[in-house]
Amino acid sequence: MRRSIEDLRIFYGEPAGALARRLLARRLEDAWGEAASCDVLGLGYATPWLDAFVGARRVVAAMPAGQGVELWPSVGKNRTLLVDDRRLPFAAGSFDRILLVHALEEADDAQALMSEAVRALSPAGRIILVAAARGGLWSRVEATPFGHGRPFTRRQLERLVRAAGLEPTAWSQTLYVPPWGPLLPLADGFEQVGKRIMPGAAGVILLEATRQAYARIRPGGAVATTPVLTPALQPQPASRTRRADDLATSRKRD
């Protein structure tokens, strides 16, 4: 059973949630910036980060039925909707960027959710999965949303996106500070030290992936893949800079 929308809203209004929001926003800004002229979909509970995509052409927040939905943004026309995460109400190729946060861990069928997300992704689109890290402390504390459902390792996320027809292009980690109130003000120091001497302590993994082939639907419903040779559709690095704290480019595997 998914965490309720009210629980998520309360968490991101507390110090630990505000910290998670800030650190994740830093990684997403490195990866996508303002998502200029893109159609962006947030799936799960992504609204704490969607306001940053001020250059986007369109931003939509889709929230799973088991979680509930909130109005967003606070001013202007509502851009959220309640969805069945195994059958998203979007045409194929509708979005250039798709962000999954608090989506995979409590999904009844994570692979079905990924398949639907990929169907909604444009041929040159990019997707970022944000998931609780299996080895981190945040996945062991039920007082945070990261402590519910199934946490992941990087390799598990890579297998998940490959099974859906994507190829991992970059990854990163964050939330090295333990989820304990007195230590939260030291989070920036933990970020600097953690990625060098205790990478397994990160609370959250971010994995970016992109298409390697067009999906062609056969009459019987099966999916065949056709290699894409156009350079514009080749994997792109997740980061716009080369700073040490950017998303680290992962190597393509056979």
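Numbering (the numbering used here), first residue to last: 466 to 719.
Beta carbons: idealized from backbone N, C-alpha and C, even for Gly.
These numbers were taken from a predicted model, which means no experiment stands behind them.
| Item | Value |
| --- | --- |
| Is it buried or exposed, Ala662, if we count other Cβ atoms within 10 angstroms and call 16 or more buried? | With the sequence shown as reference, residue 662 is identified as Ile, and Ala is not the correct amino acid for it. Exposed, since its Cβ has fewer than 16 Cβ neighbours within 10 Å. |
| Among Arg552, Arg522, Leu515 and Ala530, which residue has its Cα nearest to the Cα of Ser539? | Leu515 |
| Taking the alpha carbon of Glu570 as the reference point, which residue from Ala490, Asp550 and Leu536 has its own alpha carbon closest? | Asp550 |
| My output table needs one value for Pro610: the three-state DSSP class, helix, strand or coil. | helix |
| Assuming Thr634 is part of the beta strand (DSSP E), what are its boundary residues? | Leu631 to Thr639 |
| How is the alpha helix (DSSP H) around Arg492 delimited, first residue to last? | Pro480 to Trp497 |
| Could you work out which residue in Lys542, Cys503 and Gly507 is closest to Val548 when comparing CA atoms only? | Gly507 |
| What does the alpha-carbon distance come out to for the pair Ser580 and Pro513? | 24 angstroms |
| Using the three-state DSSP reduction, which class does Phe476 fall into: helix, strand or coil? | helix |
| Specify the secondary structure class of Gln701 as computed by DSSP and reduced to three states. | Below a pLDDT of 50, predicted positions are generally treated as unreliable, and Gln701, at 39, falls in that range; the measurement from the model is reported next regardless. Note: Gln701 maps to coil in three-state DSSP. |
| Going by beta-carbon coordinates alone, are Glu656 and Thr639 separated by less than 8 angstroms? | yes |
| Asp504 lies in the beta strand (DSSP E); which residues open and close that run? | Asp504 to Gly509 |
| Suppose you measure from the CA of Gln621 to the CA of Ala597; what does that come to, to the nearest Å? | 12 angstroms |
| In three-state DSSP terms, what is Met579? | helix |
| Report the option in Ser502, Gln677 and Lys542 whose CA atom is closest to the CA atom of Arg562. | Ser502 |
| Tell me which residues share the same chain as Gly659 and place their Cβ nearer than 6 angstroms to its Cβ, disregarding the 5 neighbours each side in the sequence. | Tyr641 and Ala666 |
| Determine the direct distance from the alpha carbon of Gly600 to that of Ile682, and round the result to whole angstroms. | Interpretation of Ile682 is limited by its pLDDT of 37, a score under 50 that renders its predicted location unreliable; the figure taken from the coordinates is listed afterwards. Each residue's Cα considered, the two are about 38 angstroms apart. |
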